[in-house]
Amino acid sequence: MSIRYLKKHAVLEGVVGVDDAEALAQWLRRQARPAVHLGRCEHVHAAVLQVLLALRPKVLAVPADPWLAQALQPAGA
């Protein structure tokens, strides 16, 4: 898997595929303050992006990809 689930946040690294989307959604829903670290994330499948956009966890580190970083910005930012 390309996601490591830590105590306070999930770390998405490399290429995060469709197989990770459901587990990520379930983990984020269980967290009191969901957060993700995308600093080493190279690509996310559209399903993973939809999970991130729908559940809006706090982004601790943005990905290097400018388009993905902008897409994950809070509304109005």
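Read in order, the letters of the sequence shown are residues 188 to 264 in our numbering.
Cβ coordinates follow ideal geometry from the N, Cα and C atoms, glycine included.
What are the start and end residues of the beta strand (DSSP E) that includes residue i?
{"i": "A210", "result": "Unbroken run through A210 is the alpha helix (DSSP H), A208 to R217; no beta strand (DSSP E)."}
{"i": "L199", "result": "A197 to V203"}
{"i": "R191", "result": "I190 to Y192"}
From the DSSP output, read off the bridge partner residues of residue i.
{"i": "A248", "result": "H224"}
{"i": "V231", "result": "V203"}
Which residues mark the beginning and the end of the alpha helix (DSSP H) in which residue i is found?
{"i": "L255", "result": "P253 to A258"}
Output needed for residue i: all residues of its chain with C-beta closer than 6 angstroms, excluding positions within five of it in sequence on either side, in chain order.
{"i": "L212", "result": "Reading off the sequence, residue 212 comes out as Ala, not Leu. Once the five neighbours on either side are set aside, the close Cβ partners of A212 are V238."}
{"i": "K245", "result": "A222"}
{"i": "H224", "result": "H196, V198, L247 and A248"}
{"i": "H230", "result": "V202"}
Near residue i, what residues of its chain come up, given a Cβ to Cβ distance below 8 angstroms and the 5 sequence neighbours on each side ignored?
{"i": "A208", "result": "H232, A234, V235, Q237 and V238"}
If residue i and residue j are in contact, beta carbons under 8 angstroms, what's the gap, nearest whole angstrom?
{"i": "S189", "j": "V205", "result": "The Cβ separation is near 11 angstroms, so there is no contact."}
{"i": "L215", "j": "L242", "result": "5 angstroms"}
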